[in-house]
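Numbering (this note's numbering), first residue to last: 45 to 171. The beta carbon of each residue, even a glycine, is placed where N, CA and C say it ideally should be.
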């Protein structure tokens, strides 16, 4: 889809693609001022939500999830968050299916709180 920042053919990716195959890719995003400490699992096919995913796409995400966890394990997190934002009211900014997957740390100011407190919160930046 023209203009979609997660469709690879548009060359708008901000960050590093750590893994890709024929169905998905794992992106370590570059978000200025934010310690993301993780990545996003993105479908290569332009679809808006995980409800539009094929069985093959779901299976591939499941198959690769432990490999992506190994990437995050290098950061030595104390926990993990996985989450989908689906629809504008739920915080989906890019209308392309992507699963947030990031490490959480005991020394974060908002440690112990869920995904909504960790994601893109400058107040949760580690020292």
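As assigned by DSSP and simplified to three states, the class of residue i
i, result
"residue 53", "helix"
"residue 110", "helix"
"residue 92", "coil"
"residue 115", "helix"
"residue 148", "strand"
"residue 99", "helix"
"residue 85", "strand"
"residue 73", "strand"
"residue 105", "helix"
"residue 137", "coil"
Spatial neighbours of residue i in its chain, beta-carbon cut-off 6 Å, leaving aside the 5 residues before and after
i, result
"residue 61", "69 and 71"
"residue 101", "67 and 87"
"residue 127", "144 and 159"
"residue 58", "74"
Among the options, nearest to residue i - alpha-carbon criterion
i, options, result
"residue 132", "93, 104 and 99", "93"
"residue 54", "85, 89 and 84", "89"
"residue 110", "52, 134, 51 and 63", "63"
"residue 120", "59, 151 and 157", "151"
"residue 157", "171, 122 and 138", "122"
Proximity below 8 Å, CB of residue i to CB of residue j
i, j, result
"residue 82", "residue 146", "yes"
"residue 74", "residue 141", "no"
"residue 124", "residue 116", "yes"
Burial state of residue i (16 or more Cβ within 10 Å)
i, result
"residue 45", "exposed"
"residue 85", "buried"
Beta-carbon contacts of residue i that lie in its chain and below 7 Å, excluding the five residues immediately before and after
i, result
"residue 129", "135 and 136"
Chain-order list of residues whose beta-carbon lies under 8 Å from that of residue i (same chain, five-residue window excluded)
i, result
"residue 49", "56, 57, 58, 138 and 140"
Min CB distance residue i to chain C below 8 Å
i, result
"residue 86", "Absent from the structure: chain C. Only one protein chain is present."
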